[in-house]
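In the numbering used here, the protein residues as written are 2 to 314.
Glycine included, each C-beta is placed from N, C-alpha and C at the ideal position.
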Ligand SMILES: [Zn+2]
């Protein structure tokens, strides 16, 4: 049956991370849910139960002091800014822990084969969050926590592809010296957060397992496809992943108010399709994707629908 191999996570609690008047707002997730609910495959999706990740699990990527400080801020002060552009509310710690927990749930489902692939439609997003702090709308690095957890399940070669318009600096830093997690990012450059040069290729044991593909403002789908074909897929072929994780931001869409790229909604269908072909070639189709950015509600809903339509196929 179409769709019964894809696990999807979407929880009301993600809406309780209240950012007020901010581009990373809860309406992003309701727009996505409202759109997916209208699809023919929605009722066939697996909807696994999610528990918040424990502090111990989150601490595989973030330091304890930061985690406990965030918890205390949400409990006591209840709202404010943790960095210049990252607001928190009373519900943030729980939402962020549940987003990280989604990573574990999908890792279990996909690694065991209960689901072929999975998508975590979570807030807050994760790929800018670094070891010691929140950054750029992100609190806990969901995809990095997923990769660490997959290693405990036995994954030896994890390929992370980040197509958000912004460079995934937090994820890169988490695995910069690790040759068992290959990180590759396509991003607008120069742009926030300023990292993501092509010359940053990893360090020590991780040298050669970090591939940045910076692209100029105004890049179109064909520019991205060239990077996939000429750089990313040759690297992936050499690496031979046993699972592919995607930092799926949709802010490189032409209608996005923050990004400066010119992708169409259908571009995300194309990217998902070529990555799924690779996942089928190397690892039985195992892929997990995590919502990162995407700030125009219609473009976001269109793009997520395009992405999920391939996952369920
Ligand atoms: Zn972004």
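When you compare only the Cα positions, how much space is there between residue 325 and residue 283?
Residue coverage of the chain in this structure runs from 2 to 314, which leaves residue 325 outside it and unanswerable.
At a cut-off of 8 Å, is residue 293 close to ligand 1 when judged by its beta-carbon and the heavy atoms of the ligand?
yes
Rounded to a whole number of angstroms, what is the C-alpha to C-alpha distance between residue 240 and residue 183?
8 Å
Per DSSP, what kind of secondary structure is residue 257 in: helix, strand or coil?
coil
Within the present structure, is the beta-carbon of residue 260 separated from the nearest heavy atom of ligand 1 by less than 8 Å?
yes
Residue 47 bridges to which residues according to DSSP?
8
Are the stretch 186-201 and the stretch 170-178 touching by the rule of at least three beta carbon pairs closer than 8 Å?
yes
Which residue from 100, 169, 105 and 227 puts its Cα closest to that of residue 13?
100
Report the residue from 77, 116 and 84 whose alpha carbon sits nearest the alpha carbon of residue 290.
116
Report the residue ranges of all beta strand (DSSP E) runs contained in full by the stretch 151-196; include only those spanning at least 3 residues, in chain order.
159-163 and 182-189
Extent of the continuous beta strand (DSSP E) to which residue 248 belongs
244-249
DSSP on residue 2, reduced to helix/strand/coil?
Below a pLDDT of 50, predicted positions are generally treated as unreliable, and residue 2, at 41, falls in that range; the measurement from the model is reported next regardless. Residue 2: coil per DSSP, three-state reduction.
Let me make sure I understand the geometry here. Which of 27, 32 and 26 has the alpha-carbon closest to that of residue 301?
32
So residue 224 is in the alpha helix (DSSP H); what residue range does that whole segment cover?
222-228
Could you pull the start and end residues of the alpha helix (DSSP H) that residue 237 belongs to?
234-240
Put residue 89 into one of helix, strand or coil per three-state DSSP.
strand
Using C-beta distances below 7 Å, list every residue in its chain close to residue 310, excluding the 5 sequence neighbours before and after it, in chain order.
270
Residue 62 and residue 135 look like a contact to me (Cβ under 8 Å); what is the Cβ gap, rounded to whole Å?
Rounded, the Cβ-Cβ distance is 12 Å, inconsistent with contact.
Report the rounded CA-to-CA distance for residue 244 versus residue 276, giving the unit in angstroms.
11 Å
Taking the beta carbon of residue 2 as the centre, do at least 16 other beta carbons fall within 10 Å, making it buried, or is it exposed?
Caution is warranted here: a pLDDT of 41 is assigned to residue 2, below 50, making its placement in the model unreliable, and no coordinate value can be reported.
Which same chain residues, not among the five before or five after residue 128, have their C-beta less than 7 Å away from its C-beta?
139, 142, 144, 163, 165, 169, 171, 172, 248 and 293
Note down, in chain order, each residue of its chain lying with its Cβ closer than 6 Å to the Cβ of residue 4, except the 5 sequence neighbours on either side.
Unreliable placement is indicated for residue 4, whose pLDDT of 43 sits below 50; the coordinate value is still reported in the next sentence. Once the five neighbours on either side are set aside, the close Cβ partners of residue 4 are 42, 45, 46 and 313.
Less than 8 Å between the CB atoms is what I'm expecting for residue 225 and residue 268, so what's the real figure, rounded?
7 Å
Could you compute how far the alpha carbon of residue 158 sits from the alpha carbon of residue 242?
5 Å
Determine the closest residue to residue 160 out of 150, 181, 113 and 167, with distance taken between C-alpha atoms.
181
Between the alpha carbons of residue 223 and residue 151, how many angstroms are there, rounded?
33 Å
Neighbourhood of residue 34 by C-beta distance below 6 Å, restricted to the same chain and skipping five residues each side
11
In chain order, what residues of the same chain lie with their CB nearer than 8 Å to the CB of residue 194, ignoring the 5 residues before and after it?
129, 136, 137, 167, 168 and 170
Shortest alpha-carbon distance to residue 179 belongs to which of 208, 187, 189 and 70?
208
Could you please give the first and the last residue of the uninterrupted beta strand (DSSP E) stretch that includes residue 214?
211-216
Excluding five sequence neighbours on each side, which residues of the same chain lie with their C-beta closer than 8 Å to the C-beta of residue 124?
15, 16, 18, 25, 27, 29, 30, 96, 100 and 292
Between 261, 58 and 299, which lies nearest to residue 148 when the distance is taken from Cα to Cα?
58
Please classify residue 266: does DSSP put it in a helix, a strand, or coil?
helix
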